[in-house]
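Each residue of the sequence shown is one higher than the last, beginning at 20 in the numbering used here.
Positions of the beta carbon are idealized from the N, C-alpha and C atoms, including for glycine.
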Amino acid sequence: MRTIKKRVYIETYGCQMNVADSEVVLSLLADDGCDITNEIAEADVVLVNTCSIRENAEQRIYGRMGEFKRLKREKPGVIVGVLGCMAERLRSKLSHEEARGVGQIADLIVGPDEYRKLPALLEDAWHGKKGVAVQLSRVETYDDILPLRTDGISAWISVMRGCDKFCTFCVVPFTRGRERSRTLTSIIQEVEVLSTRGFKEVTLLGQNVNSYKDGNADFADLLGAVATVDPSIRVRFTTSHPQDMSDKLIGTIASLGNICNFIHLPVQSGSDRILERMNRTYTSAHYRALVERIKVAIPDVTLSTDTITGFPTETEDDHARTVDLLSEIGYDGAYMFKYSPRENTPAFNMPDDVAEVVKSRRVNEIVMLQNAISLRKNQSIVGQIVEVLAESPSKKSEDFWQGRTDGNKTVIFPKGDYSAGTYVPVRIERVNSATLFGSIAVVASPGRVEEAAA
Ligand code: 5AD
Ligand code: SF4
């Protein structure tokens, strides 16, 4: 434990896994005697947890590094640390031009499996020694570290790390290494702690949660066990790979009321030719059949997906198949990306041959289509009473709560007498493609919709 307290500020980019990792980092540093600050101006240590998934994610961070460089000029003692996927990706070329000065600006470069070294590396940095720790691990899961959470209502819980899928476009297997799972016991203990602290939602995280394994327990067993800890806690999970999503898992989601009927199931493309080149290991027919089974087992399921437009050799016909699949399945939402070549991935060796204007036109077409579908889906909820977990004041007005439905749709409604962290019955009155707006349906004591309506 150090004697002089240092103030640490962390900025997080990218996926929820990074958000969860930042909480592990803060926990490690708080245990080492650091104070945590949300104000960069107050910080002695500025950490940035980075993302490499697409070129534009990295561009943002290079932009931020320029600002940190200025900060260091104004406040020479400040320590800058680059964490996460970019630290891992740039490990062998920190002095190269490609790293755009990251190697010079950063005092610490620490990959996702080396956070336990941060206290020691910081100590060195205070004595003027730069630190680089970028080994990937086959076993590190930070199982024993209780993440430092500031929210109080919703928690991310990382249940497995890494990815062995090697989709040809994806840098994750290279930046986060091989798959490994936490023990079921430690996850359940974490959920029990969260329950005692009054948390109302947990999201189980993994690059491919369906690969979760602890002895004989698979992801369905884990999900069921987590949901049984406290029925007032909603349970979500992300992300599922369509190849590995089992009927057992679908059955578990359908059978337990507090497991949200919301599934994020990235399809990437509707063209079998492109799916094969992406090494997604399923066909569009397999995917459609899976969605059909999900819809039968969970009739009110909310579905979302990811798509990539402009993968090498994508033709108008391939694109049309993605458009058809989106129209047919009718997702509630989608993250729609343009293909971005990533060094070291197998697709990097395929010519990035879809012109930028073509990628843009195709992705716009997909976005417009999906917005119309999302709007239609949301319109079908108008007039219904839905159960919303009140989470935080709405960004536009302190008099309104922002919360989410079981299906992960954002709802804005008047605060009434409800406090954050309660379930509120809300009658949906109007919608757009991204948000629902409503009023409190029953002004009784806070409770689940079933009770309020009873
Ligand atoms: N280019 C564009 N999108 C990508 N994704 C992953 N790698 C790339 C890439 N190289 C998208 C996929 C994935 C999501 C997390 O990011 O759609 O599901
Ligand atoms: Fe990347 Fe594919 Fe693994 Fe998802 S499943 S993290 S897209 S390699």
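Query - Counterpart residues of proline 412 in DSSP-defined beta bridges - result: DSSP output for proline 412 lists Trp420 as bridge partner(s).
Query - 7 angstroms CB neighbourhood of serine 214 in its chain, flanking five on each side removed - result: Around serine 214: Val248, Asp249 and Ile252.
**Report entry** Same chain only: Cβ atoms within 6 angstroms of proline 138, ignoring 5 sequence neighbours per side
**Finding:** Non-local C-beta neighbours of proline 138 in its own chain, meaning closer than 6 angstroms and more than five positions away in sequence, comprise Asp51, ordered along the chain.
Query raised in the report: Across which residues does DSSP place alanine 152 in a beta bridge pair?
Result: Beta-bridge annotation (DSSP): alanine 152 is paired with Val129.
**Report entry** Contacts around isoleucine 98, its chain only, beta-carbon distance under 6 angstroms, and the 5 residues preceding and following it disregarded
**Finding:** Excluding sequence neighbours, isoleucine 98 sits near Val64, Asp126 and Ala144.
Report task. Check the DSSP bridge columns for phenylalanine 456 and list the partner residues they point to. Result -> The partner list for phenylalanine 456 (beta bridge, DSSP) reads Ile431 and Arg449.
Query raised in the report: Which stretch, first to last residue, makes up the beta strand (DSSP E) that contains lysine 357?
Result: Residues 352 to 357.
Query raised in the report: Taking only runs of the alpha helix (DSSP H) that begin and end inside the segment 242 to 298, which ones reach a length of at least 4 residues, in chain order?
Result: Correct list: 266 to 274 and 291 to 296.
Query raised in the report: Skipping 5 residues on each side, what residues in its chain have a beta carbon closer than 8 angstroms to that of arginine 296?
Result: Sequence-distant partners of arginine 296 (beyond 5 residues in either direction) whose C-beta falls short of 8 angstroms from its own C-beta, in its chain, are Thr187, Phe330, Pro331, Thr332, Ala366 and Met369.
Report task. Provide the residue span of the alpha helix (DSSP H) that contains valine 342, from first to last. Result -> Run containing valine 342: 335 to 348, per the alpha helix (DSSP H) assignment.
Query raised in the report: Just the Cα atoms here: how many angstroms apart are lysine 378 and lysine 357?
Result: When rounded, the separation of the alpha-carbon atoms in lysine 378 and lysine 357 is 6 angstroms.
Query raised in the report: How many whole angstroms separate the CB atoms of leucine 284 and threonine 324, which I take to be in contact at a CB cut-off of 8 angstroms?
Result: At roughly 6 angstroms, the Cβ-Cβ gap stays under 8 angstroms, so leucine 284 and threonine 324 are in contact.
Report task. Determine the burial state of glycine 85: buried for a count of at least 16 other Cβ atoms within 10 Å of its Cβ, exposed for fewer. Result -> Label assigned to glycine 85: exposed.
Query raised in the report: Nearest CA to the CA of lysine 88: which residue from Glu74, Ala76, Glu107 and Leu66?
Result: Comparing Cα-Cα distances from lysine 88 to each of Glu74, Ala76, Glu107 and Leu66, the minimum goes to Leu66.
**Report entry** Beta-bridge pairing of serine 438 - partner residues as DSSP gives them
**Finding:** Looking at the DSSP assignment, serine 438 forms no beta bridge with any residue, so it has no partner.
Requested in this report: Could you check which residue in Thr364, Ala246, Ala273 and His260 has the C-alpha nearest to that of threonine 321?
Outcome: For the residues Thr364, Ala246, Ala273 and His260, the minimum Cα distance to threonine 321 belongs to Ala273.
Query - Any non-hydrogen atom of the ligand 5AD closer than 8 angstroms to lysine 184 Cβ - result: Every heavy atom of the ligand 5AD is 8 angstroms or more from the Cβ of lysine 184, so no.
Query raised in the report: Within this structure, are the beta carbons of arginine 255 and asparagine 390 separated by less than 9 angstroms?
Result: Cβ distance not < 9 angstroms, so arginine 255 and asparagine 390 don't count as in contact.
Query raised in the report: threonine 258: beta carbon under 8 angstroms from a heavy atom of the ligand SF4?
Result: Checking the Cβ of threonine 258 against the ligand SF4 gives yes.
Query - Uninterrupted beta strand (DSSP E) stretches inside the segment 158 to 190 (no shorter than 3 residues) - result: Runs of the beta strand (DSSP E) lying entirely within the segment 158 to 190, each at least 3 residues long, are 173 to 177 in chain order.
Query raised in the report: What's the gap between the Cα of glutamate 61 and the Cα of glutamine 123?
Result: For the pair glutamate 61 and glutamine 123, the Cα-to-Cα distance works out to about 23 angstroms.
**Report entry** Residues near threonine 300 in its chain [Cβ-Cβ closer than 7 angstroms; skip 5 each side]
**Finding:** Excluding residues within five positions, the ones whose Cβ falls inside 7 angstroms are Gln262.
Report task. Please state whether DSSP places phenylalanine 67 in a helix, a strand or coil. Result -> Note on identity: in this sequence residue 67 is valine, with phenylalanine being the wrong assignment. If DSSP states are grouped into helix, strand and coil, valine 67 belongs with the strands.
Query raised in the report: What do you reckon, are the CB atoms on valine 430 and valine 401 nearer than 9 angstroms?
Result: Taking 9 angstroms as the cut-off, the Cβ atoms of valine 430 and valine 401 do not count as close.
Report task. In angstroms with no decimal places, state the Cα-to-Cα distance between glutamate 74 and glycine 33. Result -> Here the alpha carbons of glycine 33 and glutamate 74 stand approximately 12 angstroms from one another.
Report task. Please classify valine 405: does DSSP put it in a helix, a strand, or coil? Result -> Shown here, valine 405 sits in a strand according to DSSP, grouped into three states.
Query raised in the report: Can you list, in chain order, the residues of its chain whose CB lies under 7 angstroms from that of valine 309, leaving out five sequence neighbours each side?
Result: Note that residue 309 is leucine in the sequence shown here, rather than valine. Taking C-beta separations shorter than 7 angstroms and ignoring five residues to either side along the sequence, the partners of leucine 309 in its chain run Pro261 and Met264, following chain order.
Query raised in the report: Which residues in the same chain as aspartate 233 place their Cβ atom closer than 6 angstroms to its Cβ, once the five residues preceding and following it in sequence are excluded?
Result: Within the same chain, Cβ atoms closer than 6 angstroms to the Cβ of aspartate 233 are found at Ser200, Thr202 and Leu203, the five residues on either side in sequence being excluded.
Query raised in the report: Got a sec, what are the start and stop residues for the beta strand (DSSP E) aspartate 325 sits in?
Result: Boundaries of the beta strand (DSSP E) harbouring aspartate 325: 321 to 328, taken from the DSSP string.
**Report entry** Local conformation of alanine 236 per DSSP, three classes
**Finding:** Strand at alanine 236.
Query raised in the report: Less than 8 angstroms between the CB of valine 190 and some heavy atom of the ligand 5AD, yes or no?
Result: Within the cutoff, so yes.
Query - Three-state secondary structure assigned by DSSP to arginine 119 - result: DSSP places arginine 119 in coil when its eight states are reduced to three.
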